[in-house]
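What follows is a short report on a single structure.
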Amino acid sequence: MRGNTIKGLLFASPWLIGFFGLTLYPILLSGYYGFTKFNVFQPPEFIGLDNYIALFHDDLFWKSLRNTCYNTLIGTPVNLVFAIFIATLLNMKVRGMKIYRTVFYMPTIVPLAASTLLWIWILNGQYGLMNMLLTKLGLYAPSWLGDPAYTKPSLIMIGVWAVGNVIVIFLASLQDVPASLYESAEIDGANFMKKFIHITLPSISPIILFQLILQVINGFQYFTQAYFIIGSSGGLNNNLIGGTENSLLFYAIYLYHNAFLYLKMGKASAMAWMMFVIIGFVTWVIFRLSKKWVTYGGE
Amino acid sequence: MKKAWKMTSLLLLVALVVSISLAGCSSKGSTKESEAASSAPAASTDAAVTAAPNKEKTEVNFWYLWNGKEAENLETLISEFNASQDLYTVKGLSVPDVQKIVVALSTGNGPDITDNFSSNTASYADKGILEPLDEYIKRDNYDVSDFIPAALKSGQYKDKTYALPININFNMMFYNKKLFADAGITAPPKTDKELLDAAIKLTQVNADKTIKVLGFPDFPFVYYVNPMTFALGGELATADGTLTPNNPGSIAAINLIKSYREKFGVDNIMKFNSSSKYLDATDPFISGKQAIRFDGPWFGNTVKNGLKIEGLDYGIAPLPAPEGKPELAGGGEIQTSTFFIAKNAKNKEGGWAFLSWLMAKPQMAKFNSLFGNLPARSSIYDDPSLQNMPDFKIFAEAAQNVNLKTFPALPAQTEYATAFSSEFELAANGKKTTEEAMKAVEEKAKSMQ
């Protein structure tokens with residue numbers, strides 16, 4: 249028995265070493281750094297809660313949190329509704345469905361950097377495809393990535409374009425809904441909308457919950473696309489690190505600047521832990537509320 | 017029961033996702049601790065004296081921020097150095113990402129020698145990243161007497177030399193001669209007031225009020241902020257390091273661009289700027305859609321020799337001075353590109369050998385002729401290789417002006433510059449009044465000193 253325990257631990261050791269040494273230890277250490285003044289090059293100096301207090305007085309911290317919440321609170325529902333809508337369409341029995349499914353999944357396999365650069369061109373205020381169309385239709389053509397009122401909606405739009413992986417999972421769950429339920433509803437005279445609201449949505453609600461949580465977490469950690477757009481608008485040794493009027497200064501981007509531009513690793517660690525607490529809290533709230541709307545097939 | 021199990025597994029998943037991404041941030045932080053200890057033993061200066069010719073060449077790792085054509089130029093110089101002596105082999109690597117270099121330096125696996133902008137000297141020196149060079153300079157009797165004083169200063173912090181500048185740069189006013197002639201303007205504006213008047217005349221708008229030709233040096237915005245503040249007599253910090261963002265120069269610079277933006281609509285200007293990319297197919301000055309541009313000594317070289325664009329007819333003049341204060345004419349901000357040896361370098365002697373070679377007169381002249389920049393040593397300005405560089409003579413002459421200033425060396429310089437630029441932008445766009453914006457920077461600056 250004891251031999252087996254040791255063998256078992258040995259077999260699990262690559263993961264155990266990886267988890268304790270490369271994941272848990274650094275996480276705990278970053279928690280400690282959050283209470284220090286640490287510039288990466290010199291030993292950390294304990295300063296208690298100063299980093300956290302300084303964050304509360306830092307208007308860029310609040311700005312970055314607001315920007316992040318905006319994109320998460322608006323981007324997540326938009327992504328989910330769009331994904332469910334497309335998945336429902338892709339679940340219909342139409343000729344050439346395989347092609348449609350491929351088309352909607354394709355954006356997901358384009359590397360983020362490449363697709364973002366592409367979007368920067370599409371959304372170019374003067375030479376972009378989008379504004380060419382809008383102008384032809386006689387509509388207002390904003391500077392999508394320059395005007396602070398439009399930068400975040402632009403990012404949400406770019407995000408919606410690449411929800412292929414969400415669609416695929418919804419599609420799989422839609423195909424899992426028992427056909428017998430629809431049949432009996434049809435016998436009772438339910439139309440398409442009624443079936444969708446009373447059968448489809450409850451049946452896939454656990455998947456919606458799962459996607460909701462993933463999207464919220466990803467939303468709070470939003471980084472790559474905004475980072476590229478900020479970089480491309482300056483492309484210089486640039487002091488404007490958050491896009492026009494800091495409208496693209498997301499939480500993770502500000503954290504990154506503090507860590508690697510200002511070398512304030514202590515403040516950055518404090519920010520990371522704040523984010524951890526925020527994500528934890530939001531997830532907890534979602535779970536609490538989910539009891540009201542998520543139904544599991546087993547009950 | 018089943019439900020509880022599902023809840024738990026979902027919770028576990030959430031914890032996993034969060035922890036993976038947290039680990040992504042923090043694992044970078046953790047590796048640095050070991051370095052802090054290893055970098056403590058300082059430069060052993062006597063190791064240098066014994067550097068007798070070895071049979072084996074030792075390796076010197078040199079990372080640089082340049083890439084593309086400029087990296088090729090640098091590699092040419094590196095192979096010249098490697099052929100010139102038999103002690104060291106310099107291995108060059110293009111790393112156009114400051115953050116990457118910083119992280120590598122912090123782990124002790126970084127380069128022996130690398131380059132940066134003068135704005136980071138104080139910050140890096142303060143954190144102990146840079147090897148002081150005074151001992152090497154003294155030991156080798158290395159001549160730094162002909163460096164332009166402001167340039168040499170940009171590599172110093174608290175009376176110690178931490179980095180040597182290879183070039184100096186500052187912005188001048190480039191103007192499109194054809195657009196000037198079309199607008200009936202015969203001479204480039206000399207004061208801020210003249211600049212605004214000329215810019216308004218030069219600006220052309222489309223039927224829908226969007227900008228067709230930008231008259232004001234509004235793009236790239238970052239090339240306006242500091243240079244114009246300095247040119248209008250603004251001093252962002254006093255010599256003793258007190259940060260003074262709220263000064264007449266910055267207020268005048270903001271109000272000037274604000275007047276222009278208000279006249280033609282902030283959103284129209286924003287659309288114009290955000291659609292343009294610097295030194296690219298969409299660069300408005302290159303395509304004749306910008307009449308006035310603030311830019312550096314590399315501009316002409318990049319356009320003529322890099323992008324191979326012919327027929328762009330432009331003139332160059334000093335930045336405008338404040339109205340009624342001609343004694344401030346020709347001002348601006350001097351910055352330099354600097355090279356430094358890492359404090360935790362494995363081959364400091366090799367680093368110094370390469371650094372001192374690169375900074376010697378012939379190499380510095382060659383470097384700048386390839387890069388289209390102004391040398392940091394004043395004694396090589398008549399070097400023949402530099403004379404054919406586009407715009408060299410105009411910039412060389414302007415470089416003599418005493419009104420060109422450097423930013424005092426402060427550890428918080430990057431953060432301060434960022435705060436200043438963002439508030440400057442808010443005021444220029446009319447989101448805050450000029451006074452509110454500068455007061456806000458002043459407030460933030462208090463915690464940076």
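Residue numbers (the numbering used here), protein chains in the order written: chain S, 249 to 547; chain U, 17 to 465.
For each residue, glycine too, the CB sits at the ideal point set by N, CA and C.
(message) Which of the three DSSP states is assigned to S353 (chain U) in this structure?
(response) Here residue 353 (chain U) refers to the residue found at position 337 of the second sequence. Per DSSP, reduced to three states, the secondary structure at S353 (chain U) is strand.
(request) Show which residues of chain U have a CB atom less than 7 Å away from the CB atom of N372 (chain S). (result) Locating residue 372 (chain S) in the first sequence gives position 124, where the first residue counts as 1. Residues of chain U passing the Cβ test: S291.
(request) May I ask you to report which of helix, strand or coil DSSP gives I368 (chain S)? (result) Counted from its first residue, the first sequence places residue 368 (chain S) at position 120. Residue state, collapsed to three classes: helix.
(request) Anything in chain S within Cβ reach of S95 (chain U), meaning under 7 Å, just list it in chain order. (result) Translated into the one-based positions of the second sequence, residue 95 (chain U) becomes position 79. Near S95 (chain U) there are no residues of chain S at all, since even the closest Cβ is about 28 Å away, more than 7 Å.
(request) Give me the Cβ distance between L335 (chain U) and G347 (chain U), rounded to the nearest whole Å; I'm assuming they're in contact under 8 Å. (result) Start at 1 with the first residue of the second sequence, and residue 335 (chain U) comes out as number 319. Start at 1 with the first residue of the second sequence, and residue 347 (chain U) comes out as number 331. Correct: roughly 7 Å between the Cβ atoms.
(message) Just to confirm the assignment, what range does the beta strand (DSSP E) spanning G407 (chain S) have?
(response) Position 159 of the first sequence holds residue 407 (chain S). No beta strand (DSSP E) contains G407 (chain S), which is instead part of the alpha helix (DSSP H) from P396 to W409.
(request) Can you grab the Cα-Cα spacing for the pair S135 (chain U) / T430 (chain U), in whole Å? (result) Indexing the second sequence from 1 puts residue 135 (chain U) at position 119. Indexing the second sequence from 1 puts residue 430 (chain U) at position 414. Here the alpha carbons of T430 (chain U) and S135 (chain U) stand approximately 7 Å from one another.
(message) As a quick exercise: from S:L276, S:F418, S:I370 and S:P454, pick the residue whose alpha carbon is nearest that of V542 (chain S).
(response) To locate residue 542 (chain S), count along the first sequence from 1; it is residue 294. The option with the nearest alpha carbon to V542 (chain S) is S:P454.
(message) For G256 (chain S), report the span of its alpha helix (DSSP H) as first-last.
(response) On the first sequence, residue 256 (chain S) is found 8 positions in, with the first residue counted as 1. Where G256 (chain S) is concerned, the enclosing alpha helix (DSSP H) stretches over R250 to I265.
(message) Cutting at 6 Å between CB atoms, please list the residues of its own chain near G412 (chain S), excluding the five before and the five after it.
(response) On the first sequence, residue 412 (chain S) is found 164 positions in, with the first residue counted as 1. Closer than 6 Å at the Cβ level, and outside the excluded window around G412 (chain S), lie F352, Y353, P355 and T356.
(request) Step through the CB atoms of chain S and report whether any lies within less than 8 Å of the CB of K287 (chain U). (result) Position 271 of the second sequence holds residue 287 (chain U). It does; some Cβ of chain S falls within 8 Å.
(message) Across the stretch 496-507 of chain S and the stretch 312-319 of chain S, are there enough close Cβ pairs to call them in contact, namely three or more that are closer than 8 Å?
(response) yes
(message) So F246 (chain U) and E349 (chain U) are supposed to be a Cβ contact under 8 Å. How far apart are they, rounded?
(response) Locating residue 246 (chain U) in the second sequence gives position 230, counting from the first residue. Locating residue 349 (chain U) in the second sequence gives position 333, counting from the first residue. Between E349 (chain U) and F246 (chain U) the Cβ distance is about 4 Å, and since that is below 8 Å, they are a contact.
(message) Just to confirm, is the Cβ distance from R349 (chain S) to L338 (chain S) under 8 Å?
(response) Numbered from 1 along the first sequence, position 101 holds the residue referred to as residue 349 (chain S). Numbered from 1 along the first sequence, position 90 holds the residue referred to as residue 338 (chain S). Yes, the pair counts as a contact, with Cβ atoms nearer than the cut-off.
(message) Counting only beta-carbon separations shorter than 8 Å, does T492 (chain S) have a partner in chain U?
(response) Here residue 492 (chain S) refers to the residue found at position 244 of the first sequence. Chain U contact via Cβ: present.
(message) Give me the residue from U:Q101, U:A337, U:L272 and U:E413 with the minimum Cα distance to A443 (chain U).
(response) For the purposes of this step, residue 443 (chain U) is taken as residue 427 along the second sequence, with counting starting at 1. Nearest of U:Q101, U:A337, U:L272 and U:E413 to A443 (chain U), Cα basis: U:L272.
(message) On the DSSP bridge list, what partners appear for K176 (chain U)?
(response) Along the second sequence, read from residue 1 onward, the residue named residue 176 (chain U) stands at position 160. In DSSP, K176 (chain U) forms a bridge with U:Y173.
(message) For A461 (chain U), tell me which candidate among U:F370, U:T254, U:S303 and U:L386 has the shortest Cα-Cα distance.
(response) As a first step, residue 461 (chain U) must be located in the second sequence, where it is residue number 445. It is U:T254.
(message) Considering just the uninterrupted stretch of the alpha helix (DSSP H) at N384 (chain U), what are its terminal residues?
(response) For this step, residue 384 (chain U) is matched to residue 368 along the second sequence. Judged by DSSP secondary structure, N384 (chain U) falls within the alpha helix (DSSP H) whose first and last residues are K377 to F387.
(request) Given a cut-off of 8 Å, decide if Y273 (chain S) and G514 (chain S) are closer than it, judged by their beta-carbon atoms. (result) Reading the first sequence from its first residue, position 266 is the one you call residue 514 (chain S). Reading the first sequence from its first residue, position 25 is the one you call residue 273 (chain S). Not in contact: G514 (chain S) and Y273 (chain S) (Cβ atoms no closer than 8 Å).
(request) Leaving out five residues on either side along the sequence, give the residues of the same chain with a beta carbon under 6 Å from the beta carbon of F268 (chain S). (result) For the purposes of this step, residue 268 (chain S) is taken as residue 20 along the first sequence, with counting starting at 1. Cβ within range, chain order: n/a, list empty.
(request) With a floor of 3 residues, list each beta strand (DSSP E) that falls wholly inside the stretch 201-260 of chain U, ordered by position along the chain. (result) 227-229
(request) Return the chain-ordered ranges of every alpha helix (DSSP H) run that is complete within the stretch 471-541 of chain S and spans a minimum of 4 residues. (result) 472-482, 499-504 and 513-541
(message) Among the candidates U:I182, U:Q101, U:L121 and U:N157, whose CA atom is the shortest distance from the CA of L90 (chain U)?
(response) Here residue 90 (chain U) refers to the residue found at position 74 of the second sequence. The shortest Cα separation from L90 (chain U) among U:I182, U:Q101, U:L121 and U:N157 belongs to U:I182.
(request) Output yes if chain U places a C-beta closer than 8 Å to the C-beta of G394 (chain S); else output no. (result) Numbered from 1 along the first sequence, position 146 holds the residue referred to as residue 394 (chain S). Output row for G394 (chain S): interface = yes.
(message) Is the beta carbon of L377 (chain S) closer than 8 Å to that of I370 (chain S)?
(response) As a working note, residue 370 (chain S) is residue 122 in the first sequence. As a working note, residue 377 (chain S) is residue 129 in the first sequence. Using a Cβ distance threshold of 8 Å, I370 (chain S) and L377 (chain S) count as a contacting pair.
(request) Could you give the DSSP three-state label for I435 (chain S): helix, strand or coil? (result) Your numbering for residue 435 (chain S) matches position 187 in the first sequence. Helix at I435 (chain S).
(request) Compute the distance between the beta-carbons of E147 (chain U) and K293 (chain U), then report whether it is under 8 Å. (result) Translated into positions along the second sequence, residue 147 (chain U) becomes position 131. Translated into positions along the second sequence, residue 293 (chain U) becomes position 277. Result no, Cβ atoms of E147 (chain U) and K293 (chain U) do not sit closer than 8 Å.
(message) Using only CA atoms, which one of S:L393, S:V525 and S:N252 lies nearest to S291 (chain U)?
(response) Here residue 291 (chain U) refers to the residue found at position 275 of the second sequence. Taking only the C-alpha atoms, the option nearest S291 (chain U) is S:L393.
(request) Using beta-carbon positions only, say whether L195 (chain U) and P300 (chain U) come within less than 8 Å of one another. (result) Translated into positions along the second sequence, residue 195 (chain U) becomes position 179. Translated into positions along the second sequence, residue 300 (chain U) becomes position 284. No, these two residues do not count as a Cβ contact at 8 Å.
(request) Would you identify the three-state DSSP class for Y191 (chain U), choosing helix, strand or coil? (result) As a working mapping, residue 191 (chain U) is identified with position 175 in the second sequence. If DSSP states are grouped into helix, strand and coil, Y191 (chain U) belongs with the strands.
(request) Report all residues from its chain with a CB closer than 7 Å to the CB of M405 (chain U); omit the five preceding and five following residues, and keep chain order. (result) Here residue 405 (chain U) is taken as the residue at index 389 of the second sequence, counted from 1. N317, S385 and G388, listed in sequence order.
(message) Can you find the residues in the same chain that come closer than 6 Å, C-beta to C-beta, to A120 (chain U), ignoring five residues on each side of it along the sequence?
(response) Locating residue 120 (chain U) in the second sequence gives position 104, where the first residue counts as 1. So the qualifying residues of the chain are G126.
(request) Would you list the one or two residues that DSSP bridges to D307 (chain S)? (result) The residue labelled residue 307 (chain S) in the question sits at position 59 within the first sequence. Paired residues: none, contrary to the question.
(request) Identify which residue in U:V418, U:L328, U:N242 and U:I164 has its Cα closest to the Cα of F440 (chain U). (result) Sequence index remark: in the second sequence, residue 440 (chain U) carries index 424 (1-based). Minimum Cα distance to F440 (chain U) is reached at U:N242.
(request) Name, going along the chain, the residues of the stretch 153-179 of chain U whose beta-carbon falls closer than 9 Å to a beta-carbon of chain S. (result) Taking 9 Å as the Cβ-Cβ cut-off against chain S, none of the residues of the stretch 153-179 of chain U qualify.
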